Amino acid sequence: MYGFANEGLRIRSGDSGGAVFQGQTAVGVVSGGIDSINFSVSTDLVSALKLTPGYTVMLALPTPTITTGSGAEVPSNGALTGTASPGATVVVTVNGSAAEVVADASGRWSLPAGSSLGRVDFTVQERDGFNRSEAAVGSATIVLAPVGFDPLDGLVHSAPTVITGTGFPGATVNLTGDVAGTAVVAADGSWSIPVTEELAFGAISISATQSVGTEVSPIATLSFEYAIEAPVIESPADGATFAVGSEPTVVTGRVVPGAEVTATLNGVALSATQTTEPAARAGQATVAFSFDLPTVAVGSHKIEVTQVIAGERSVSTSTFDILAAPVVNPTGPAGVITPGGNLPATGTDPLLAVWAGALILLLGGGAVLAKRRFGQRNG
336 MYGFANEGLR
346 IRSGDSGGAV
356 FQGQTAVGVV
366 SGGIDSINFS
376 VSTDLVSALK
386 LTPGYTVMLA
396 LPTPTITTGS
406 GAEVPSNGAL
416 TGTASPGATV
426 VVTVNGSAAE
436 VVADASGRWS
446 LPAGSSLGRV
456 DFTVQERDGF
466 NRSEAAVGSA
476 TIVLAPVGFD
486 PLDGLVHSAP
496 TVITGTGFPG
506 ATVNLTGDVA
516 GTAVVAADGS
526 WSIPVTEELA
536 FGAISISATQ
546 SVGTEVSPIA
556 TLSFEYAIEA
566 PVIESPADGA
576 TFAVGSEPTV
586 VTGRVVPGAE
596 VTATLNGVAL
606 SATQTTEPAA
616 RAGQATVAFS
626 FDLPTVAVGS
636 HKIEVTQVIA
646 GERSVSTSTF
656 DILAAPVVNP
666 TGPAGVITPG
676 GNLPATGTDP
686 LLAVWAGALI
696 LLLGGGAVLA
706 KRRFGQRNG
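In terms of the working numbering, the sequence shown is residues 336 to 714.
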């Protein structure tokens, strides 16, 4: 026998198999007893489950809540939402089709609205093994959401060739504004519409809706700045250095076809030797420009190139340096004073020369003295 006795606990006929609680905790099931006395025998859950394979303890799970308001409109890219026990498995049954989601650490759960528009009725239950909670009941209306645009940088230097985004599978997307066109959203929710007209420089605005039958979504807008690309200064390259005698004579580079191009050197306007030809070169991405440079002195210099097209302006700068020729200090011939005012080096230690001179003077003085004394003796 596996279990424990319950003195003072009387059972009645039919109580066998009933739950035994200690406070709020289920600890076993009733095995038997005697109606006439306050005594019964129970089996603990661990022992009972070992002897009854295929059975489990029925759990009382809390009923989840639904935070999506009853009858509320939910966008097609939105979700049905609610709360449950943290980490619990939640079964959401929408119009008879069940799906499972897991509540997060805060107990929040959500289920994407799905691929159906219109009214949906749904139930929500917690599930743990064979155990399910009572069902919470809700309803909502799924409506078309605005289309989504794939992002473009706020400042665009190259005209986009296609506009792309996301939408409701099977819906028709309609673009208006600076780009026009239609497309059907693919099964994976993506759509794309080519840009067939040349965009003008400046602010670009594109509006979009998607529709299914007579239902039309709210308008979505894509805005960006199509800016003229900065001129490219090819020569002299920024940061270049030149020796005297090899100074640059021209400024060269590339700009947008049809742009008005000006250039300055240290703030003084330069003369163009070659200008762009917008009519002949409109199909090119860039065209060349060239400006004459005057003779430039030793030091740092700054070139600034500006292009203007359709009222849009962009500027590039390049700096370069002209280096002075190195100063050479030649050594003069022996015995000749150099420009520095010093005698040329001869390889003799100056101190040694001083001592030698002093010695010669001393010897010379001695010779004179000896001669004088010799004369005195002879006289």
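Quick reminder that beta carbons are idealized off the backbone N, C-alpha and C, glycines included. Here the structure is a predicted model, which means the values were calculated and not measured.
Taking Cβ to Cβ, would you say residue i is nearer than 9 Å to residue j?
i	j	result
residue 475	residue 533	no
residue 456	residue 426	no
residue 443	residue 422	no
residue 480	residue 410	yes
residue 382	residue 337	yes
residue 424	residue 463	yes
residue 445	residue 396	no
residue 584	residue 569	no
residue 525	residue 497	no
residue 466	residue 398	no
Can you find the residues in the same chain that come closer than 7 Å, C-beta to C-beta, to residue i, ignoring five residues on each side of it along the sequence?
i	result
residue 614	Note that residue 614 scores 41 on pLDDT, short of 50, meaning its location in the model is unreliable and no value can be drawn from it.
residue 495	487 and 530
residue 363	338, 355, 377, 378, 379, 380 and 383
residue 659	579 and 633
residue 346	365, 368 and 375
residue 454	474 and 476
residue 686	Confidence at residue 686 is low in this model, with a pLDDT of 49, below 50, so its placement is unreliable and no value can be given for it.
residue 705	Reliability fails at residue 705, whose pLDDT of 37 lies under 50, so the model's placement of it is uncertain and the value that follows must be treated cautiously. No residues qualify anywhere along the chain.
What is the C-beta distance between residue i and residue j, in whole angstroms, given that I count them as a contact (C-beta under 8 Å)?
i	j	result
residue 503	residue 644	Going by Cβ atoms, the distance from residue 503 to residue 644 rounds to 40 Å, so no, they are not a contact pair.
residue 365	residue 350	5 Å
residue 471	residue 400	6 Å
residue 334	residue 582	It is not possible to answer for residue 334, since the shown part of the chain is limited to 336 through 714.
Nearest CA to the CA of residue i: which residue from the options?
i	options	result
residue 642	591, 393, 466 and 531	591
residue 662	579, 495, 398 and 547	579
residue 483	560, 500 and 472	500
residue 439	419, 458, 431 and 460	419
residue 353	393, 385 and 389	393
residue 559	485, 464 and 413	485
residue 638	567, 664 and 658	567
residue 577	389, 386, 636 and 473	636
residue 547	478, 565, 468 and 606	478
residue 431	412, 437 and 458	458
residue 561	628, 649, 605 and 348	649
residue 412	606, 629, 545 and 628	545
residue 348	370, 565 and 556	370
Here's a check: name, in chain order, each residue in its chain whose Cβ is nearer than 6 Å to the Cβ of residue i, leaving out the five neighbours to either side.
i	result
residue 647	536 and 563
residue 340	376
residue 433	426
residue 344	375
residue 361	354
residue 436	425, 444 and 446
residue 557	484 and 541
residue 565	649 and 651
Kindly list the residues whose CB is nearer than 8 Å to the CB of residue i, restricted to its own chain and excluding five residues on each side of it in sequence; keep chain order.
i	result
residue 702	Annotation note: pLDDT 42 at residue 702 (below 50); position unreliable, coordinate value reported separately. The answer is none, since no qualifying residue turns up.
residue 342	373 and 374
residue 603	none
residue 517	507, 508, 509, 510 and 528
residue 606	626 and 627
Determine, for residue i, whether the minimum Cβ-Cβ distance to residues of chain D falls below 9 Å.
i	result
residue 472	You won't find chain D in this structure, because it holds only one protein chain.
Kindly examine the ligand FMN and report whether one of its heavy atoms sits closer than 8 Å to the Cβ of residue i.
i	result
residue 487	In the structure on display, the ligand FMN does not appear, and there are no ligands present to speak of.
The stretch 622 to 630 in contact with the stretch 584 to 598 per 3-pair CB rule at 8 Å | yes
Does the count of Cβ pairs from the stretch 549 to 563 and the stretch 520 to 533 closer than 8 Å reach three?
-> no
Taking 8 Å as the threshold, find out whether the stretch 505 to 517 comes into contact with the stretch 533 to 546 through three or more Cβ pairs.
-> yes
Are there three or more Cβ pairs, one per stretch, closer than 8 Å when the stretch 563 to 575 is compared with the stretch 640 to 660?
-> yes
If you pair each beta-carbon of the stretch 484 to 499 with each one of the stretch 440 to 454, do three or more pairs fall below 8 Å?
-> no
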